[in-house]
Structures are given as structure tokens and as C-alpha cells.
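> Mind looking over this structure? Questions follow.
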Ligand code: F6P
């Protein structure tokens, strides 16, 4: 496995070294997979104590309390972090793929460093890969790696999964290095995206850029190499979410929290503080909702968790400022001595606290401006069987989760109406909508995603039946 973000980060503080898990969908999805398949995960060692706990090659066995696989950390210097991670990945690919072209900073130095870091990950992967290994690359940080690996390891199986939207060619083509990026990706045997529309966009981009490529609805032949392209909507570890959220201690804490909050209903948003997540529009919609329905004043609170992310980038800092001004204004307008309309948490909350919030929230608002999939929608549904999900039509999840209340995140009035509808929904209607959502999240969990992906890739996981664990991967048919 190769990804930018590592699954376990070691940080030193005054009390000593602490291991934490980062936020974000990628790690949440891939760690349970690695725990089942074992193997080596190569990623950027971003924690300030990462080097202290790893060996001289940057290797450490994880999870620490029950080691199941090897994490190999790659050390990046400040220039690399700035130009490859913040720069190329998050100021070019990220905004362009999320249709925020105007935010893209198309600097050649970002591209140069991005290429160098891809080479560094190439070398580490070559050191780790065995002849029969399947090499699975995650996300936008390593678009050049599939083709580079293909040259060195013509017989290994290589796949890439893209965790964010893939935009139409008209948008993607603003990137001056678009041909190199697409060629790099086409080194993979299999390319996965969350939805059919991202697949269609990718195929469209290849057709435009390489008129001599043969492109069908699910495969591309280019320069003698065949790349299959398919949608694999990612899921969550449903059973684990159920287990963790049903523990007695957590239930008790959730009940206490709910009664302390002293409101009749709770609306919840949980996001990284990213301009793509639609937090600002959601707050404005909540304001409209309170204005239009004063009967809810004093009775409904909106809890917004906005975890800090990528704050070295000015667009993120600006969005934080706008969100905080809006929280202040809305609270200033409506607040009462015993009631806070918006409870805003700008910290990374421990997993149990998020589970507790999922449990007590009557309504979850997952209303990104655009999002590859959005796993918060799936986590909420797994934890809270009585809740109502309001979901943006521009989240990848809405292609599957159509019995949620689907909204346009630009339409503040429609979102305010959706809030009223959700809060006044009868228990029968809640159940009618929630039933199919839960079924879907349960059926298409992270292991379904893994199995579907591997089956398409031609890999069969061999189970050690007694231990109930996967011991090796093998090709399905040669
Ligand atoms: O590319 C998508 C993604 O990696 C998600 O998996 C995750 O939600 C987010 O970006 C995390 O971002 P970062 O690793 O930059 O903190």
C-alpha cells in the first residue's frame, strides 16, 4: 500500500510520545483493510516523534497494541512538504478536482517537487516489493507512480484508487502537466473511482488528451498497456462502528451529554475544515431556518465539528475566519442565557466523542459543496438508527444514499426547508428512510469495497480458516 497520509502518527508532547490516528476518509477506510491483508504500507512520516519510534529504514509494526502490518515511513523535508503536499497536491490537484479552478496555484516549482517526491516513493516501493506483490497506490499524491513502477516492475500488479472527484476535462485541462498526470495513472492495471460520473470524466479526459488511445466504457488501451477503469464506492467498517457505538460506557456518556445540552433536538455537522465541505452555507441555512421557524428558538442546537486541516494554506485560513465570524454572528443574534444555537468545535475530537455525537444527533447535515464520497454520511447512518440524514447532491455518497433528504448545498432556502422537514419528521418516516440507508452501508461496507476491488483486479484473498484471517493474496486466473 502506498499513500501520502500515514495511518498512525507519533507526536511528542510534554507528557511523552502519543500515537494518534489522523482524520480523513482514506486512513479510516484503508487501515481495516491492511489489518486484514497484512503487508507493508508506505507513507509520509508526518509526526514529530515518528522517527524516534521507527527503525533506521523508517519501519514500525502497527497497530502498536496488536501489530498486524508494517508501516514504512518516508521522511519529507520542509520544501517537499510545502511544494509537493501543500503545493501540488492541495493547491493544484485538490481545488481543480473539486471544481475550484480559481483557487489553483499552478506553480512550476510545485510540479518539480511533486515529481521528485514521486521518485522517492518509487525507490521505497522498489525496496519493499516482492516479485508477486500487488502494489496498491492511494490517491492524488502519486499519479506518476503507476507508470514509473510499471517500467521497473513489469510483472507486478499495480492499482490506483482516486479518493476525490475526477472533474470534467474542461476543468482538469487547466493543469499544464495534465498529460503527464494521465500517462502516469495509465501505468496501473486497474484504476478505481468512487462513482460512475468520475469514471466517465476520467475516460473523457483520456480521449481528449490521447486521441490514439482505445477507450471503452471500462478500459483503456494506451501504448500497449491495458488499464481497467471502474467505480468502487467506498464504505466503512460497519460492524466496528456498531460495536464501538453500542458499548455501555459510550451509551451512558451520550445520555448524560444529551441531557446536559438541554435542548429538544440536535443537528450535527462533522467535517475537516475544508472549503469544499460547505460548512459556511450550512450555517447560513441554519440561520435562515431559525428566522423562518422561531418556534425552534431555544429548542434546537446545531453542533458543528470542524477539525483543523491544511491550515498552512491561505484559503483554509480564510474559510476558518468566515466560518467563525458567521458562528459569532448567528449566536450573537439568537443566543439566550440558557441556550446556544451553534456549538462550534474547532479541534480534532477523539473517536469516542464523535460516536457520542452521532448517537445523540437527531439530524446529520452532510452538505459538502462537492465531495468524492463522504464517509461521515455512512458513519452516522451506521451509528444512529433513528436519525435523519440531510445529504448534498454533490457528495459521491448521494449516488447510493438516495433515501436521505437530498439537497443542493448552494440553495440555502432549500437547506433551511430540509432542516424543518427533518426535525418534524414522524418516527415512521424516519424509519422508512433510514432502513435502506443502513442496509446499504452494512452491505457495501469497507470489506465489500475491498473484495470488489480485488476481484476486479484478479486477486483472491486466501483465508486461514482457523484463524479467520487473510494470509496471502493470489491471482484468480492467469
Ligand atoms: O484525498 C482525500 C483525502 O486523502 C481523504 O482521504 C481525506 O479525507 C483527506 O483527503 C485528508 O487530507 P490530508 O491527508 O491532506 O489531511
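Residue numbers (the numbering used here): 271 to 748.
Ideal Cβ placement from N, Cα and C applies to all residues, glycine included.
#1: Under the DSSP definition of a beta bridge, which residues are partnered with residue 598?
#2: Just to confirm my understanding: we take residue 636, look at its own chain, exclude 5 residues before and 5 after, and list those with CB closer than 6 Å. What are they?
#3: Keeping to the same chain, check which residues put their C-beta closer than 7 Å to that of residue 398; ignore five residues upstream and five downstream.
#4: If you drop the 5 nearest sequence neighbours on each side, which residues of the same chain put their C-beta closer than 6 Å to that of residue 556?
#5: Given this structure, state the Cα-to-Cα distance separating residue 352 from residue 617, to the nearest angstrom.
#6: Less than 8 Å between the C-beta atoms of residue 726 and residue 498, yes or no?
#7: With DSSP collapsed to three states, give me the class of residue 652.
#8: The alpha helix (DSSP H) with residue 522 in it runs from where to where?
#9: May I ask which residues mark the beginning and end of the alpha helix (DSSP H) holding residue 515?
#10: Using CA coordinates, which residue listed in 340, 318 and 333 is at the minimum distance from residue 327?
#11: With a threshold of 8 Å on Cβ separation, who are the neighbours of residue 422 within its own chain once the five nearest residues in sequence on each side are excluded?
#12: Any heavy atom of the ligand F6P inside 7 Å of the beta-carbon of residue 517?
#13: Go ahead and label residue 465 buried or exposed: buried means 16 or more other beta carbons lie within 10 angstroms of its beta carbon, across all protein chains shown.
#14: What ranges does the beta strand (DSSP E) occupy inside the region 432–498, keeping only unbroken runs of at least 3 residues that lie completely in it?
#15: Please name the residue, chosen from 325, 551 and 364, that lies closest to residue 433 on a Cα-to-Cα basis.
#16: Nearest-angstrom Cα distance between residue 745 and residue 441?
#17: Would you be able to state if there are at least three C-beta pairs under 8 Å between the region 520–529 and the region 617–632?
#18: Could you check the C-alpha separation between residue 748 and residue 729 for me, to the nearest Å?
#19: Please classify residue 285: does DSSP put it in a helix, a strand, or coil?
#20: Under the DSSP definition of a beta bridge, which residues are partnered with residue 329?
#21: So is the beta-carbon of residue 616 under 7 Å away from any non-hydrogen atom of the ligand FMN?
#22: Shorter than 7 Å, the distance from the beta carbon of residue 323 to the closest heavy atom of the ligand F6P, or not?
#23: Which one of 651, 690, 686 and 693 has the shortest CA to CA distance from residue 673?
#24: What's the C-alpha gap between residue 414 and residue 281?
#25: Spatial neighbours of residue 503 within its chain, please: CB distance less than 6 Å, with the 5 preceding and 5 following residues excluded, ordered by chain position.
#26: Taking 7 Å as the line, does the beta carbon of residue 715 fall inside it for any heavy atom of the ligand F6P?
#27: What separation, rounded to the nearest whole angstrom, lies between the Cα atoms of residue 272 and residue 307?
#28: Can you give me the Cβ contacts of residue 611 inside the same chain, cut-off strictly under 7 Å, excluding the 5 residues immediately before and after it?
#29: Use the C-beta contact count for residue 532: other C-beta atoms within 10 angstroms, 16 or more gives buried, fewer gives exposed.
#30: How many Å lie between residue 517 and residue 620 at the Cα?
#31: With DSSP collapsed to three states, give me the class of residue 335.
#32: Less than 8 Å between C-beta atoms, sequence neighbours within five positions excluded: which residues of the same chain meet that for residue 668?
#33: Using 10 angstroms around the beta-carbon of residue 655, count the other beta-carbons present and answer buried if the total reaches 16, otherwise exposed.
Let me spell this out:
#1: Taking the first residue of the chain shown as position 1, residue 598 is located at position 328. According to the DSSP secondary-structure assignment, residue 598 is paired through a beta bridge with no residue.
#2: In the chain shown, counting from the first residue as 1, residue 636 sits at position 366. Sequence-distant Cβ neighbours of residue 636 in its own chain, meaning closer than 6 Å and more than five residues away, are 644, 646, 647 and 661.
#3: Residue numbering aside, residue 398 sits at position 128 when the chain shown is read from its first letter. The answer, listed in chain order, is 310, 312 and 342.
#4: Counting from one through the chain shown, the residue named residue 556 turns up at place 286. Around residue 556: 572.
#5: In the chain shown, counting from the first residue as 1, residue 352 sits at position 82. In the chain shown, counting from the first residue as 1, residue 617 sits at position 347. Cα to Cα, the separation comes out at about 23 Å.
#6: By one-based count along the chain shown, residue 726 stands at place 456. By one-based count along the chain shown, residue 498 stands at place 228. For the pair residue 726 and residue 498, the CB atoms are nearer than the 8 Å cut-off.
#7: For this step, residue 652 is matched to residue 382 along the chain shown. In the structure shown, residue 652 sits in a helix (DSSP, three-state: H, G or I).
#8: Looking up residue 522 in the chain shown gives position 252. Run containing residue 522: 518–531, per the alpha helix (DSSP H) assignment.
#9: Within the chain shown, numbered from 1, the residue matching residue 515 stands at position 245. Start and end: 508–515.
#10: In the chain shown, the residue the question calls residue 327 occupies position 57. Minimum Cα distance to residue 327 is reached at 340.
#11: Mapped onto the chain shown, residue 422 falls at position 152. Counting only Cβ-Cβ distances below 8 Å, and skipping sequence neighbours, we find 392 and 396.
#12: Taking the chain shown and counting its residues from 1, the one referred to as residue 517 is at position 247. No; taking the cut-off as 7 Å, the Cβ of residue 517 has no heavy atom of the ligand F6P nearer than that.
#13: Taking the chain shown and counting its residues from 1, one reaches residue 465 at position 195. With 16 or more other Cβ atoms within 10 Å, it is buried.
#14: 460–463 and 489–492
#15: Locating residue 433 in the chain shown gives position 163, counting from the first residue. Ranking the options by Cα distance to residue 433, first place goes to 364.
#16: The residue given as residue 745 occupies position 475 in the chain shown. The residue given as residue 441 occupies position 171 in the chain shown. Unreliable placement is indicated for residue 745, whose pLDDT of 45 sits below 50; the coordinate value is still reported in the next sentence. Those two C-alpha atoms are separated by around 37 Å.
#17: yes
#18: Residue numbering aside, residue 748 sits at position 478 when the chain shown is read from its first letter. Residue numbering aside, residue 729 sits at position 459 when the chain shown is read from its first letter. Per-residue confidence for residue 748 stands at a pLDDT of 35, beneath the threshold of 50, marking its modelled position as unreliable; no derived number is given.
#19: Looking up residue 285 in the chain shown gives position 15. Here residue 285 sits in coil by DSSP.
#20: In the chain shown, the residue the question calls residue 329 occupies position 59. 342.
#21: Because the ligand FMN does not appear in the structure shown, any question about it cannot be addressed here, the ligands present being the ligand F6P.
#22: Against the chain shown, residue 323 aligns to sequence position 53. Distances taken from the Cβ of residue 323 to the heavy atoms of the ligand F6P include none shorter than 7 Å.
#23: Counted from its first residue, the chain shown places residue 673 at position 403. Cα-wise, what sits closest to residue 673 is 651.
#24: Locating residue 414 in the chain shown gives position 144, where the first residue counts as 1. Locating residue 281 in the chain shown gives position 11, where the first residue counts as 1. Using only the alpha carbons, I get a separation of about 30 Å.
#25: One-based indexing of the chain shown puts residue 503 at position 233. Excluding sequence neighbours, residue 503 sits near 464 and 670.
#26: Within the chain shown, residue 715 is the residue found at index 445, counting from 1. Residue 715: no, Cβ never under 7 Å from the ligand F6P.
#27: Mapped onto the chain shown, residue 272 falls at position 2. Mapped onto the chain shown, residue 307 falls at position 37. Between residue 272 and residue 307, the C-alpha separation is close to 14 Å.
#28: Taking the chain shown and counting its residues from 1, the one referred to as residue 611 is at position 341. Cβ neighbours of residue 611 beyond the five flanking positions: 560, 571, 572, 600, 601, 604 and 605.
#29: As a first step, residue 532 must be located in the chain shown, where it is residue number 262. That one is exposed.
#30: Residue 517 sits at position 247 when you count from the first residue of the chain shown. Residue 620 sits at position 350 when you count from the first residue of the chain shown. Roughly 16 Å between the two C-alpha positions.
#31: Counting from one through the chain shown, the residue named residue 335 turns up at place 65. Coil, per DSSP.
#32: For the purposes of this step, residue 668 is taken as the residue at position 398 of the chain shown. Only 661, 662, 674 and 676 meet the Cβ criterion.
#33: On the chain shown, residue 655 is found 385 positions in, with the first residue counted as 1. Under this definition residue 655 is an exposed residue.
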